[in-house]
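There are 2 protein chains.
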Amino acid sequence: MNYPARGSIAEIEEGTTLQPLFDGHGLMPCVTQDAATGEVLMVGWMNREALTTTLETGMAHYWSRARQKLWAKGEQSGEAQRVKRILIDDDQDCLLIQVELTGGASCHVGYRSCFFRELQWRAGHTDFHLRYLETAKVYDPVAAYGAPQHG
Amino acid sequence: MNYPARGSIAEIEEGTTLQPLFDGHGLMPCVTQDAATGEVLMVGWMNREALTTTLETGMAHYWSRARQKLWAKGEQSGEAQRVKRILIDDDQDCLLIQVELTGGASCHVGYRSCFFRELQWRAGHTDFHLRYLETAKVYDPVAAYGAPQHG
């Protein structure tokens, strides 16, 4: 899919035409949010092919930087994402997609969200300890992937 | 601030110690979410200095890639972010911060969220038209910045 060329700053920032900017590696970050709850599930990367396939199929596709290939979310784990809405930021170099999980998880470690840990912190006091926000894995990643996976 | 060194994959992904990974440019993406509503407000970038200053002050600081300098959010616009919670993802290369807006906006264009436009789309049908999700600017960016700003 060919995307519209970038126009003026005014067109990009306040216009009504998608004019996406992919970075020097051909990638754009994509925040993925639960459409129902607003929970941030993950941050992935899309290249033109991943965005196009997402638009054509309605299912989230990313570019796996670790595996250097198009990644149909859930292709191994079964934990896919049905896309409900696609938003873009002011300078059109970052996507936000709102999805429904077809399973109940998004994270390859087995948790619902990749952001399952919170830093123990208050202003001026940090001890680098991470507290778990989820108490149990939604699925068994070893059963899903066969071995620990990344990307 | 010196951060703990990266350990094994198991320590990074399932451990309870912050072991952040900054990319080849010394940066890590940071998703910024409204602590009360879950709305995604922006995606910024933090280097070690920005993260340290955020931890020390409790106010969101980013690295401005456009200006190549530490960016105390709100330093020009007055639209600052008080940090309530800091989460990190499974492989510890992406941050999620939940904030309270000291004003009522986050976006340098003047809207509440940088993601103020939605793509007109359903699976297999895309016309590249963006629909506005916010109807009015929260503040006047020209008054705040003097001229259009980026970063």
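Chains as they are written, first to last, in my numbering: chain S, 10 to 160; chain V, 10 to 160. A virtual CB, placed ideally from N, CA and C, is assigned to each residue, including glycine. Quick caveat, the model's predicted, so the values are computed rather than measured.
### Query
Residues in its own chain within less than 8 Å of residue 44 of chain V by CB, not counting five upstream and five downstream?
What you label residue 44 of chain V is simply residue 35 of the second sequence in a count that begins at 1. If we look at residue 44 of chain V and ignore the five residues flanking it on each side, its Cβ neighbours are 93, 94, 107, 108, 109.
### Task
Could you list which residues in chain S have their beta carbon closer than 7 Å to that of residue 149 of chain V, in chain order?
Indexing the second sequence from 1 puts residue 149 of chain V at position 140. Here the premise fails: no neighbours, minimum Cβ distance about 13 Å.
### Where the alpha helix (DSSP H) through residue 20 of chain S begins and ends
For this step, residue 20 of chain S is matched to residue 11 along the first sequence. 18 to 23 is the extent of the alpha helix (DSSP H) around residue 20 of chain S.
### Boundaries of the beta strand (DSSP E) in which residue 109 of chain V is found, first to last residue
Here residue 109 of chain V corresponds to residue number 100 of the second sequence, with the count starting at 1. Unbroken beta strand (DSSP E) run through residue 109 of chain V: 104 to 110.
#### Entry: Pair within 8 Å by beta-carbon distance, residue 90 of chain V and residue 41 of chain V
Against the second sequence, residue 90 of chain V aligns to sequence position 81. Against the second sequence, residue 41 of chain V aligns to sequence position 32. Contact: yes.
### Message
Closer than 7 Å to a non-hydrogen atom of the ligand SAM - does that hold for the CB of residue 108 of chain S?
### Response
With respect to small molecules bound, the structure shown includes none, and the ligand SAM cannot be examined in it.
### Task
Measuring alpha carbon to alpha carbon, tell me which of V/78, V/82, V/123, V/64 ends up nearest residue 96 of chain V.
The count along the second sequence starts at 1 and reaches residue 96 of chain V at position 87. Here the closest residue by C-alpha is V/64.
### Task
Look up residue 85 of chain S in the DSSP assignment and give the residues it is bridged to.
Stepping through the first sequence from its first residue, residue 85 of chain S is reached at position 76. In the DSSP output, where bridge partners are listed per residue, residue 85 of chain S has none listed.
### Query
What is the residue span of the alpha helix (DSSP H) that residue 41 of chain S lies within?
In the first sequence, residue 41 of chain S corresponds to position 32, counting from 1. For residue 41 of chain S, there is no enclosing alpha helix (DSSP H); the residue is found in the beta strand (DSSP E) stretching over 37 to 43.
### Query
Going along chain S, which residues have a C-beta under 8 Å from residue 117 of chain V?
Position 108 of the second sequence, counting from 1, holds the residue named residue 117 of chain V. The contacting residues are 99.
### Query
Out of curiosity, what's the CA-to-CA distance linking residue 147 of chain S and residue 39 of chain S?
Within the first sequence, numbered from 1, the residue matching residue 147 of chain S stands at position 138. Within the first sequence, numbered from 1, the residue matching residue 39 of chain S stands at position 30. One C-alpha to the other measures close to 23 Å.
### DSSP three-state assignment for residue 140 of chain S, whether helix, strand or coil
Working through the first sequence from its first residue, we reach residue 140 of chain S at position 131. Strand at residue 140 of chain S.
### Query
When you compare only the Cα positions, how much space is there between residue 160 of chain S and residue 79 of chain S?
Position 151 of the first sequence, counted from the start, is the residue given in the question as residue 160 of chain S. Position 70 of the first sequence, counted from the start, is the residue given in the question as residue 79 of chain S. Residue confidence for residue 160 of chain S is low, a pLDDT of 45 falling below 50, so the modelled location carries little weight; the figure read from the coordinates is stated next. One C-alpha to the other measures close to 11 Å.
### Task
Indicate the three-state DSSP secondary structure (helix, strand or coil) for residue 118 of chain S in the structure shown.
Here residue 118 of chain S corresponds to residue number 109 of the first sequence, with the count starting at 1. Three-state result, residue 118 of chain S: coil.
### Query
Helix, strand or coil: which one does DSSP assign to residue 127 of chain S?
Against the first sequence, residue 127 of chain S aligns to sequence position 118. Residue state, collapsed to three classes: strand.
### Given residue 152 of chain V as reference, the closest of V/74, V/118, V/144 once Cα atoms are compared
Mapped onto the second sequence, residue 152 of chain V falls at position 143. Of the listed residues, the one whose Cα sits closest to residue 152 of chain V is V/118.
### Query
Are the CB atoms of residue 124 of chain V and residue 27 of chain S nearer to each other than 8 Å?
Numbered from its first residue, the second sequence carries residue 124 of chain V at position 115. Numbered from its first residue, the first sequence carries residue 27 of chain S at position 18. No.
### Message
Using a Cβ-Cβ cutoff of 8 Å, what residues of the segment 127 to 140 of chain S are near chain V? List them in chain order.
### Response
Listed by position, the residues of the segment 127 to 140 of chain S near chain V (Cβ gap below 8 Å) are 127, 128, 130, 131, 132, 133, 135, 137, 138, 139, 140.
### Task
Go ahead and pull the three-state DSSP assignment for residue 135 of chain S.
Counted from its first residue, the first sequence places residue 135 of chain S at position 126. In the structure shown, residue 135 of chain S adopts extended strand secondary structure according to DSSP, grouped into three states.
### Task
Please check if any C-beta of chain S sits within less than 8 Å of the C-beta of residue 13 of chain V.
As a first step, residue 13 of chain V must be located in the second sequence, where it is residue number 4. Yes, residue 13 of chain V counts as interfacial toward chain S.
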